[in-house]
Amino acid sequence: MAVSISDVLSIFSSIKDWMRLKPLPDRVDALERRLAALEARRSSSPDLLACSRCGMRTLVVSERPHPTFGGFGMKQLTVSCPSCLTQSTREFDPAKDPPLHR
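Just so you know, we're using the working numbering here: the sequence shown kicks off at -12 and counts up by one.
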């Protein structure tokens, strides 16, 4: 039984592919754990820009210093919901609240 060079190269090729595929289940598990942690962290912090009426993302219409605590850096945001047209005012503390991504 003679083994040709193409047979040997084919075996090495499949070994190389197997070595690349072998760690994938562990990597997928690690990515799923990271994703679950990110989703849990995101859901645990309330969304400052969520509409209190319908839950959709609101738009910041205006931003000004808080009338009472503006000297401490707090701001007052006026937000408007494009879905249900509700407009409301939110207090925002840049020192504590997550950054707003508009």
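Every residue, glycine too, gets a C-beta built ideally from N, C-alpha and C. This structure is a prediction, so every number in the text was calculated from the model and none was measured.
DSSP three-state assignment for residue i, whether helix, strand or coil
i	result
Arg20	helix
Pro12	helix
Ala37	strand
Ser(-7)	helix
Pro79	For the sequence presented, residue 79 should be read as Phe rather than Pro. Strand, per DSSP.
Cys71	coil
Gly58	helix
Asp84	coil
8 Å Cβ cutoff met for residue i and residue j
i	j	result
Val66	Leu18	no
Cys41	Ser75	no
Met61	Asp80	yes
Range covered by the beta strand (DSSP E) that runs through residue i
i	result
Thr65	Lys62 to Ser67
Arg51	Leu46 to Pro52
Validate contact between the region 45 to 56 and the region 20 to 28 using beta carbons, cut 8 Å, 3 pairs:
Put simply, the region 45 to 56 does not touch the region 20 to 28. Fewer than three CB pairs are less than 8 Å apart.
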